[in-house]
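Visitor: As given, the protein sequences belong to chains A and B, one line each in that order.
Under numbering that gives the first Met the number 0, the first residue of the first sequence carries the number 0, and numbering increases by one thereafter.
Under numbering that gives the first Met the number 0, the first residue of the second sequence carries the number 0, and numbering increases by one thereafter.
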Amino acid sequence: MLVLSRGREPRSEYVGEASAGRTEQASADPGRGADAEESAAREAEKEEGEEASPPDDADEDPIGEPAPERALGMTVVVRVTSRVAAVILAVAGVYLFAWGYTPGGGFPAGVVLAGVALLLYTAFGHRAVRRVVRPALLEPIEMAGAAAIIAMGLIGLWRRGSFLDNWVPLAPQQTIRAGGTLQLFSTFEFVEVATGITIAVFALLGMGHDWTPDEDDSDTDEAEAQS
Amino acid sequence: MRDEVTTAEWTRRVARLSLWAYLVWVVLTWTATVEDQVVGIIVAIMCGLAFAPLGPVVAPSAVLRPRRFAALAALFVSCLARIVRANLSLSRRILLPSRPLRSGMVITPTEA
Numbered sequence: 000m001l002v003l004s005r006g007r008e009p010r011s012e013y014v015g016e017a018s019a020g021r022t023e024q025a026s027a028d029p030g031r032g033a034d035a036e037e038s039a040a041r042e043a044e045k046e047e048g049e050e051a052s053p054p055d056d057a058d059e060d061p062i063g064e065p066a067p068e069r070a071l072g073m074t075v076v077v078r079v080t081s082r083v084a085a086v087i088l089a090v091a092g093v094y095l096f097a098w099g100y101t102p103g104g105g106f107p108a109g110v111v112l113a114g115v116a117l118l119l120y121t122a123f124g125h126r127a128v129r130r131v132v133r134p135a136l137l138e139p140i141e142m143a144g145a146a147a148i149i150a151m152g153l154i155g156l157w158r159r160g161s162f163l164d165n166w167v168p169l170a171p172q173q174t175i176r177a178g179g180t181l182q183l184f185s186t187f188e189f190v191e192v193a194t195g196i197t198i199a200v201f202a203l204l205g206m207g208h209d210w211t212p213d214e215d216d217s218d219t220d221e222a223e224a225q226s
Numbered sequence: 000m001r002d003e004v005t006t007a008e009w010t011r012r013v014a015r016l017s018l019w020a021y022l023v024w025v026v027l028t029w030t031a032t033v034e035d036q037v038v039g040i041i042v043a044i045m046c047g048l049a050f051a052p053l054g055p056v057v058a059p060s061a062v063l064r065p066r067r068f069a070a071l072a073a074l075f076v077s078c079l080a081r082i083v084r085a086n087l088s089l090s091r092r093i094l095l096p097s098r099p100l101r102s103g104m105v106i107t108p109t110e111a
């Protein structure tokens, strides 16, 4: 459903959730506009965002500038270290599920890969991951991972009479394919978890601040107290 | 990022990254079967393609240059020595808590 409905949303990345919500709000409830407090807060945020464009990385930020840092990426030390760590982490993540029928498996491997995406995002800024971290790519892959797990289980039901039963010939011990369908399960779980966690994390990161004031429900509380 | 580099530079980056990733795979798996090596090569190439846009990559052979090799060896020895010294220092602080800690922690009183 998510993928089918995605085409109607006015955004192509995880950044922009708030603007997508505002458009929906305007069409669903056109009579309700922002009050004075909300308008002032939004105006102040807009002015803040319209200041000089932020530098590409923290190396270009003048030393001694008052916080917060506005650079898109971090310093060269962090960027180089992240690139070294990213390769090691990515290979270790795949190792966790490839040899993962012993301690390890698809879930931790997926979390490691999502961590790599987050690490690169932190070090290099959004532009480093925007070609990969976008709904149109990640959401179909995530769904394919989940569908593959179900399909694998159903093949077990069809071939062996039991859901998720092993239907892959077992290789000798101490080899990658020794896990049978468990190995396939780990692989698809890896795909599902890596994309799922990346979607969840970047969807949260992409959320704008909601300046709408809280509903004043003191009248309701008083009415409840009297009854 | 891809458009800023030439094809030769791009190929160099992918090859070097793949080689680094393959070395990590070999160290992690330490298994000399054909199956393991094939999986390792595929994983390494995928890593190379994925991380190539991030910037230039040093070839693994650079480690073998005498000056860099000596610097890395010195770093390794220094790390080992500092790890041992830090552990001994921590043990001493735990066993003898009366020693001045000088942790650098700033304690600010609050009204709460």
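We put the CB at the ideal spot given by N, CA and C, even for glycine.
Rounded to whole angstroms, what is the Cα-Cα separation between L22 of chain B and L94 of chain B?
Guide: 42 Å
Visitor: Quick one: residues in its chain with C-beta nearer than 6 Å to the C-beta of R69 of chain A, no 5 flanking neighbours on either side, listed in chain order?
Guide: P53
Visitor: DSSP has D56 of chain A in a bridge; who is on the other side?
Guide: A:G72
Visitor: Please give the ranges of any beta strand (DSSP E) in the stretch 152-214 of chain A, keeping only runs that are unbroken, at least 3 residues long and fully inside the region.
Guide: none
Visitor: Are the C-beta of F201 of chain A and some C-beta of chain B separated by less than 8 Å?
Guide: no
Visitor: Examine the Cβ distances between the stretch 178-188 of chain A and the stretch 94-108 of chain A and report whether three or more of them are shorter than 8 Å.
Guide: With the cut-off at 8 Å, the stretch 178-188 of chain A and the stretch 94-108 of chain A touch.
Visitor: Determine the contact status of M73 of chain A and T121 of chain A, defining contact as a CB-CB distance below 8 Å.
Guide: yes
Visitor: Does chain A have any CB closer than 8 Å to the CB of C46 of chain B?
Guide: yes
Visitor: Taking the alpha helix (DSSP H) that P107 of chain A falls in, what are its first and last residues?
Guide: Segment G105 to F123, the alpha helix (DSSP H) holding P107 of chain A.
Visitor: In chain order, what residues of the same chain lie with their CB nearer than 7 Å to the CB of D58 of chain A, ignoring the 5 residues before and after it?
Guide: T74 and V75
Visitor: For M0 of chain B, which residues in the same chain have their Cβ closer than 8 Å to its Cβ, ignoring the five residues on either side in sequence?
Guide: At M0 of chain B, the pLDDT of 49 sits below 50, so the modelled position is not reliable and the matter cannot be decided from this model.
Visitor: Measuring only the C-alpha atoms, how far is E138 of chain A from P61 of chain A?
Guide: 40 Å
Visitor: Compute the Euclidean distance between the alpha carbons of G160 of chain A and L112 of chain A, then round it to the nearest angstrom.
Guide: 35 Å
Visitor: In whole angstroms, give me the CA-to-CA distance for A89 of chain A and F162 of chain A.
Guide: 31 Å
Visitor: Counting only beta-carbon atoms, is T28 of chain B nearer than 8 Å to chain A?
Guide: yes
Visitor: With a 10 Å radius around its C-beta and 16 neighbouring C-beta atoms as the bar for buried, classify A116 of chain A as buried or exposed.
Guide: buried
Visitor: Spell out whether any CB of chain B is found under 8 Å from the CB atom of A85 of chain A.
Guide: Yes, A85 of chain A lies at the interface with chain B (some Cβ there is under 8 Å from its Cβ).
Visitor: Within the chosen definition, does the stretch 170-178 of chain A reach the stretch 193-207 of chain A through at least 3 CB pairs nearer than 8 Å?
Guide: no
Visitor: Of all Cβ atoms in chain A, is any one closer than 8 Å to the Cβ of V23 of chain B?
Guide: yes
Visitor: What residues of chain B sit near F123 of chain A, judged by a beta carbon separation below 8 Å?
Guide: L53
Visitor: Across the stretch 191-201 of chain A and the stretch 129-144 of chain A, are there enough close Cβ pairs to call them in contact, namely three or more that are closer than 8 Å?
Guide: Yes: at least three Cβ pairs fall under 8 Å.
Visitor: Just the Cα atoms here: how many angstroms apart are A39 of chain A and G124 of chain A?
Guide: A straight-line Cα-Cα distance of about 29 Å links A39 of chain A and G124 of chain A.
Visitor: I'd like to know if F75 of chain B contacts chain A, where contact means its C-beta is closer than 8 Å to some C-beta of that chain.
Guide: no
Visitor: Closer than 9 Å, Cβ to Cβ, to anything on chain B: give me those residues from the stretch 165-179 of chain A, in chain order.
Guide: Cβ contacts with chain B: A170, Q173, T174, I175 and R176.
Visitor: Could you tell me the boundaries of the alpha helix (DSSP H) in which M45 of chain B lies?
Guide: Where M45 of chain B is concerned, the enclosing alpha helix (DSSP H) starts and stops at V33 to F50.
Visitor: Reducing DSSP to helix, strand and coil, say where A70 of chain B ends up.
Guide: helix
Visitor: Measuring alpha carbon to alpha carbon, tell me which residue in A:I87, A:A35 and A:G105 is nearest S17 of chain B.
Guide: A:I87
Visitor: Tell me whether the stretch 41-61 of chain B and the stretch 79-89 of chain B touch, counting them as touching only if at least three CB pairs, one residue from each stretch, are closer than 8 Å.
Guide: no
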